[in-house]
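Residue numbers (the UniProt record's numbering): 2 to 322.
Notes for the one structure printed next.
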Amino acid sequence: TKPLLDVKDLKIHFPQRKGVIKKRTTYVKAVDGISFTLNEGETLGLVGESGCGKSTTGRGITRLVPVTDGEVRYEGTDIASLSKSELREHRKNMQMVFQDPYASLNPRLTVEDILAEPLKAHGVKGKAERRKQIEKMMDVVGLNRKFISRYAHEFSGGQRQRIGIARALILNPKLIIADEPVAALDVSIQAQILNLLKDLQEEFGLTYLFISHDLSVVRHLCNRVAVMYLGRMAEVGNTDKIFENPLHPYTQTLLSAIPVSNPRHEKERIILQGDVPSPVDPPKGCAFVGRCPKAHDRCHSDRPKLQKMGEDHYVACHLYD
Ligand code: SF4
Ligand code: MG
Numbered sequence: 002t003k004p005l006l007d008v009k010d011l012k013i014h015f016p017q018r019k020g021v022i023k024k025r026t027t028y029v030k031a032v033d034g035i036s037f038t039l040n041e042g043e044t045l046g047l048v049g050e051s052g053c054g055k056s057t058t059g060r061g062i063t064r065l066v067p068v069t070d071g072e073v074r075y076e077g078t079d080i081a082s083l084s085k086s087e088l089r090e091h092r093k094n095m096q097m098v099f100q101d102p103y104a105s106l107n108p109r110l111t112v113e114d115i116l117a118e119p120l121k122a123h124g125v126k127g128k129a130e131r132r133k134q135i136e137k138m139m140d141v142v143g144l145n146r147k148f149i150s151r152y153a154h155e156f157s158g159g160q161r162q163r164i165g166i167a168r169a170l171i172l173n174p175k176l177i178i179a180d181e182p183v184a185a186l187d188v189s190i191q192a193q194i195l196n197l198l199k200d201l202q203e204e205f206g207l208t209y210l211f212i213s214h215d216l217s218v219v220r221h222l223c224n225r226v227a228v229m230y231l232g233r234m235a236e237v238g239n240t241d242k243i244f245e246n247p248l249h250p251y252t253q254t255l256l257s258a259i260p261v262s263n264p265r266h267e268k269e270r271i272i273l274q275g276d277v278p279s280p281v282d283p284p285k286g287c288a289f290v291g292r293c294p295k296a297h298d299r300c301h302s303d304r305p306k307l308q309k310m311g312e313d314h315y316v317a318c319h320l321y322d
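Structure (structure tokens):
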């Protein structure tokens, strides 16, 4: 397997406006030096609590937000260095599916309008040709063709997410970044959309970066997992390895909160003390130091690096130095 996406030391810092009295600009270090690879055809789950930088990472990879530092290589090309016109062309390769189909689709546009937009932007001329492609895509995502002239607001949440997925797929991308694609949907609809994503992956050989806070879904859907905490990577690797043998104390905490079906494997739920620190002024050493039950001296001063613990299993924690 070769990496489709190779992210190295990615940083995304946002300037934060303080009062007029304070002239110095401070930065929100939303993503603060993360690295991971995504192999062709696989699904990598990007997990962590809200505010840990998962969504920002997805938006940085697609350059919806500017990258401060580091590399995002797609098939070897560094996306962070592309010019505007190169980027436009490149956008065909990677598309996003957003959490909230209510917010990400303009309710005053019809399905045809919504799906025609990317086609027009990428030079598919002629209404008839566009219509043909749109109808085909509606079949693919399970939307009845006769709804082509309906407005987005006339659809249910699940159907809207199907429109969102159709919009992402219509230019034949290889990589889909799905940011909590089912979190806003009724539980009864979630499985349908997840199954659709799985089927589409098989049909089109798609690669997914699947951003989620739902670890049960991630375990079910993802070959590999990347755990983020406060803009940094805590642990990355094969899903089964991480779920069976989490090494990072933060991963152990997250996993202890999932209900297990077999009570013999019931682990005690680890409750964290304190709050997630501010990404404006993160700890100097390990990001998790203030809440970690296993913190020791070094953790306060040295930032742990991601180190290899086994075949496709990496952790950033001084316990394993
Ligand atoms: Fe805990 Fe130290 Fe490991 Fe950070 S480096 S997770 S504080 S033990
Ligand atoms: Mg988010």
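Backbone N, C-alpha and C define an ideal beta-carbon position, used for all residues, glycine too.
Computed from a predicted model, the values in this text were never measured in an experiment.
In this structure, A317 has its beta carbon less than 8 Å from a heavy atom of the ligand SF4.
Per DSSP, reduced to three states, the secondary structure at D70 is strand. In terms of side-chain proximity, the C-beta atom of H249 is found nearer than 8 Å to a non-hydrogen atom of the ligand SF4. For K295 and C318, the gap between their C-alpha atoms comes out near 10 Å. Look at P119 here: in three-state DSSP terms it is helix. In the structure shown, the three-state DSSP call for F37 is strand.
Counting along the chain, no beta strand (DSSP E) covers V219; the unbroken alpha helix (DSSP H) around it starts and ends at 216–222. Contact between T208 and L39 holds, since their C-beta atoms are separated by about 6 Å, short of 8 Å.
Counting only runs of at least 4 residues, the stretch 241–321 fully encloses the following alpha helix (DSSP H) elements, listed from N- to C-terminal order: 250–257, 298–302.
Counting only runs of 3+ residues, the beta strand (DSSP E) found wholly inside the stretch 139–216 occupies 176–180, 208–212, in chain order. For T63, same chain residues with a beta-carbon under 8 Å away, outside a window of 5 residues either side, are R92, M95, Q96, M97, I178 in chain order. Rounded to the nearest whole angstrom, the CA to CA distance from P247 to D7 is 23 Å. In this chain, the beta strand (DSSP E) harbouring A227 covers 225–230. V141 sits close to A167, with the two beta carbons spaced by under 9 Å.
Contact between the stretch 104–114 and the stretch 188–196 is absent, with fewer than three C-beta pairs closer than 8 Å. In this structure the stretch 234–242 lies against the stretch 304–314, because at least three pairs of beta carbons, one per stretch, are closer than 8 Å. The C-beta separation of P102 from Q162 comes to about 5 Å, placing the pair in contact by the 8 Å criterion. By the neighbour-count criterion, in which a residue is buried when 16 or more other Cβ atoms sit within 10 angstroms of its Cβ, D180 is buried. Under the DSSP definition of a beta bridge, N239 partners with R225. Relative to the non-hydrogen atoms of the ligand SF4, the Cβ of V277 never comes closer than 8 Å to any of them.
In the structure shown, P102 falls within a helical segment according to DSSP collapsed to helix, strand and coil.
For a cut-off of 8 Å, the C-beta gap from L255 to V228 is around 7 Å, short enough to register as a contact. The nearest non-hydrogen atom of the ligand SF4 is less than 8 Å from the C-beta of A296.
Non-local C-beta neighbours of Y75 in its own chain, meaning closer than 6 Å and more than five positions away in sequence, comprise L6, ordered along the chain. Cβ neighbours of C300 within its own chain (closer than 6 Å, five residues either side excluded): G286, C287, V290, H319. Shown here, R64 sits in coil according to DSSP, grouped into three states, outside any helix or strand.
In this structure, I259 and L216 form a Cβ contact; the two beta carbons are roughly 5 Å apart against a cut-off of 8 Å. In the DSSP assignment, K85 falls within the unbroken alpha helix (DSSP H) covering 85–91. Short note on F99: C-beta not closer than 8 Å to any heavy atom of the ligand SF4. DSSP places T111 within a strand segment (E or B) once states are collapsed to three. In the three-state reduction of the DSSP assignment, K12 falls in the strand class. With respect to the 9 Å criterion, G49 and Y230 are classified as neighbours on the basis of their beta carbons. Residue F15 holds the alpha-carbon nearest to the alpha-carbon of V68 among K306, F15, E90. Between E130 and R25, the alpha-carbon positions lie close to 54 Å from each other.
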